[in-house]
Structures are given as structure tokens and as C-alpha cells.
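Sequence positions in the sequence shown follow my numbering and run 127 to 406.
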Amino acid sequence: MRFFNFIVLTVLMFGCTHTDLGSGDFEKLERETGGRIGVSVLDIRTGKRILYRSGERFPFCSTFKTIAVATALKHGDLSTRLTFTSDDVKKAGYAPITTKFVDRGMTVSELSEAAIQYSDNAAVNILMRNLGGLQAVNTFAREIGDEVFQLDRWEPELNSAEPLDKRDTTTPDAMTGSVHKILLGDALAAFARDLLLSWHIGNTTGDKRIRAGLPKGWTAAEKTGTCSHGTTNDAGVIWRPDGSPIVLTIYLTGRAKDAKPDDAAVARATQIIVEKLGAL
Numbered sequence: 127m128r129f130f131n132f133i134v135l136t137v138l139m140f141g142c143t144h145t146d147l148g149s150g151d152f153e154k155l156e157r158e159t160g161g162r163i164g165v166s167v168l169d170i171r172t173g174k175r176i177l178y179r180s181g182e183r184f185p186f187c188s189t190f191k192t193i194a195v196a197t198a199l200k201h202g203d204l205s206t207r208l209t210f211t212s213d214d215v216k217k218a219g220y221a222p223i224t225t226k227f228v229d230r231g232m233t234v235s236e237l238s239e240a241a242i243q244y245s246d247n248a249a250v251n252i253l254m255r256n257l258g259g260l261q262a263v264n265t266f267a268r269e270i271g272d273e274v275f276q277l278d279r280w281e282p283e284l285n286s287a288e289p290l291d292k293r294d295t296t297t298p299d300a301m302t303g304s305v306h307k308i309l310l311g312d313a314l315a316a317f318a319r320d321l322l323l324s325w326h327i328g329n330t331t332g333d334k335r336i337r338a339g340l341p342k343g344w345t346a347a348e349k350t351g352t353c354s355h356g357t358t359n360d361a362g363v364i365w366r367p368d369g370s371p372i373v374l375t376i377y378l379t380g381r382a383k384d385a386k387p388d389d390a391a392v393a394r395a396t397q398i399i400v401e402k403l404g405a406l
């Protein structure tokens, strides 16, 4: 992790070079999916960037859980046990882990792991309730320099992803910046950062998205998000075999309301990114 931190600081000191390489490929992918794609990539080793609709707002869906859980780790005691009811779990919708522990409750650490590795909606709701509400997450985002992230609703209401609705949205650029600071930077204490990073590496929901588009020998730490209108998201960090990291956000939205997630499109976008970075 010290090696990663050195590279991060170097990039922050010397700046980044922007590129729109891949725009034609992403336009083609949009035509194929019938949706709108947003991409923001930062190659930590070179400072190079790939940007496509990176300043446009997209529904973040469950990718917001990276920021929400980081907030919980920043301000909460990992060993604190939080109690909740079966109604809390039922109202949250998707809750594969919390539903098993209504009787005894779960610690902040356990809830955080469930929110990241299994995208458990009740887990993140319980964490945010313990923090005093949604505003705590927005405040943390501002504290780390993210002026774009906007969390307005709880799970599962935030997943409506209606076109032109600015609620519960961010930009690919803003998310990449926040992921960079949270998972590789100093937004959290080293122990909390490394723990959160390990949960992203062990994520169980992303095998068909960013991970599926990586060459052999590459690794990933990411958080997926899925909403209405076929919204299919993934954001995190990937590493080359030599250990050098790349931070990336891939968002896809704007399709038919009942459209199914398009994992293959995110995997293809990842392939385009890897191919283009190899050409930089």
C-alpha cells in the first residue's frame, strides 16, 4: 500500500494528461446498448486519463455504497453492534446478509462488509441511520473534495434512475475522484482504507462487469450498481500484473424502464479502456 500511496501523491503533485481516446468505441457501444455511457479513467502510473461523458450526471445506484461505507468507517467504531428489525430488512429490498441476523444485530464492520461485498441494502441503510441520516454521507463527500455527489433517498427508492432526475446522481469524474481518495489515498486512516479495499477486492457481485473485461493476470477492487432503466454501473480500481493501479468508473443508463442490466457492455467498456491505455 505504501507503493500505491507514493504513486497517488506523485500524480497529485504533477497533474494529469487528458485524452478522449476510445470515444468512437464508446459511441458504438451506446448505439449497441441503446443507452448513455459515462467513463472516467485515471491511470495512476502515467497520469493519463480516458474520459467519455465524464462530466454528465448518471444515477449512481449502489456504487454510492463505497462513499457511504467510507463515511461509516471514518466516523464509527467498527465493533459497535447495531440492532435492526425485520421490517428494516424487508423495506430495504435486497438484503441477503442482514436478513440472517435480525435477532442479534450486526457490528459496523459486519454491516460494512455486507454492504460492499453483497450490496446489502438494509446494511447500508442501517449504517447511514447510525450516522444520523443521508446528509452525513453528502458531508463526507464534500470533505474529500467531491462537490458533485448527491444522495437524496434511502435504499431502495434511490434506484428509480428516471431520466433527467438529478436525485441520487453523480458524474463518472466525481466518482473516480472519490474512489481514488478513498481506496488509494488518505481520506481514511490506513487501517480503515485497507479494510475497505479488501472488501472491494472480495466483492461478489462484479464478476461479469469490470472483472470480466480484464486480461489474465489483472486484478480488481470494485463496487457494482444496478437500477431501473437498465442502469448498469461499476466503479473501483484495477491493477496491472506489475501492481500499478488504474481508477475507473463505468456507468450505463437511459435505456427502457424495464431493461435488464447489461453486464457485457460494462465488460466491453473495460476492454476498450485496457486497450486504449496500452496505446498511450
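Cβ atoms here follow ideal geometry from the backbone N, Cα and C, with glycine treated the same way.
Please state the DSSP three-state secondary structure of residue i.
i, result
"Leu-199", "helix"
"Glu-348", "strand"
"Asp-214", "helix"
"Phe-317", "helix"
"Lys-226", "helix"
"Phe-130", "Low local confidence applies: a pLDDT of 41 at Phe-130 is under 50, so the model's placement there is unreliable, with the coordinate-based value given in what follows. Phe-130 falls in the helix class under three-state DSSP."
"Leu-208", "strand"
"Thr-331", "coil"
"Phe-190", "helix"
"Arg-162", "strand"
"Asp-126", "Missing from the structure shown is residue 126; the chain here goes from 127 to 406 and no further."
"Gly-311", "coil"
Determine the extent of the alpha helix (DSSP H) in which residue i is found, giving its start and end residues.
i, result
"Thr-302", "298-305"
"Ala-267", "260-269"
"Thr-253", "First, the amino acid is wrong: residue 253 is Leu here, not Thr. Its alpha helix (DSSP H) spans residues 247-256."
"Leu-155", "149-159"
"Ser-238", "234-243"
Going by DSSP, what residues sit across from residue i in a beta bridge?
i, result
"Asp-360", "Thr-350 and Ile-376"
"Leu-168", "Arg-175 and Val-373"
"Trp-280", "According to DSSP, Trp-280 bridges with nothing at all."
"Trp-365", "Thr-345 and Pro-371"
"Phe-184", "Thr-296"
Looking only at C-alpha atoms, which of the options sits nearest to residue i?
i, options, result
"Ser-286", "Ala-393, Leu-168, Leu-177 and Cys-187", "Cys-187"
"Glu-288", "Cys-353, Gly-362 and Ala-249", "Cys-353"
"Thr-206", "Arg-381, Lys-200, Met-232 and Ser-212", "Met-232"
"Asp-214", "Arg-381, Asn-251, Ile-399 and Glu-273", "Asn-251"
"Gly-86", "Val-305, His-201, Lys-226 and Ser-180", "With the chain represented from 127 up to 406, any question about residue 86 goes unanswered, as that position is not in the structure."
"Ile-176", "Glu-182, Ile-242, Pro-185 and Val-165", "Val-165"
"Leu-105", "Thr-379, Ala-385, Trp-365 and Ala-382", "Lying before the first or after the last residue shown, residue 105 is absent from the chain, which here runs from 127 to 406."
"Asp-291", "Arg-183, Arg-162 and Glu-158", "Arg-183"
Checklist line | Touching by the beta-carbon criterion (3+ pairs, under 8 Å), the stretch 260-271 and the stretch 147-162 | finding: no
Note to self: Can you confirm whether the stretch 231-242 touches the stretch 292-312 when touching is taken to mean that 3 or more C-beta pairs between the two stretches lie within less than 8 Å?
What the structure shows: no
Check: Is the stretch 341-349 touching the stretch 168-180, taking contact as three or more C-beta pairs under 8 Å?
Finding: no
Margin query: Would the stretch 220-230 count as touching the stretch 331-343 if we require 3 or more Cβ pairs under 8 Å?
Written below: no
Item checked: the stretch 382-397 / the stretch 357-370 touching (three or more Cβ pairs under 8 Å) -> yes
Note to self: Is it the case that the stretch 276-286 contacts the stretch 242-256, given that we only count it when at least three CB pairs across the two stretches are under 8 Å?
What the structure shows: Yes: the two stretches touch, three or more of their Cβ pairs being nearer than 8 Å.
Next item on the list: Inspect the CB distances between the stretch 362-373 and the stretch 309-321 and report whether three or more fall short of 8 Å.
Entry: Taking 8 Å as the limit for Cβ pairs, the verdict is that the stretch 309-321 does touch the stretch 362-373.
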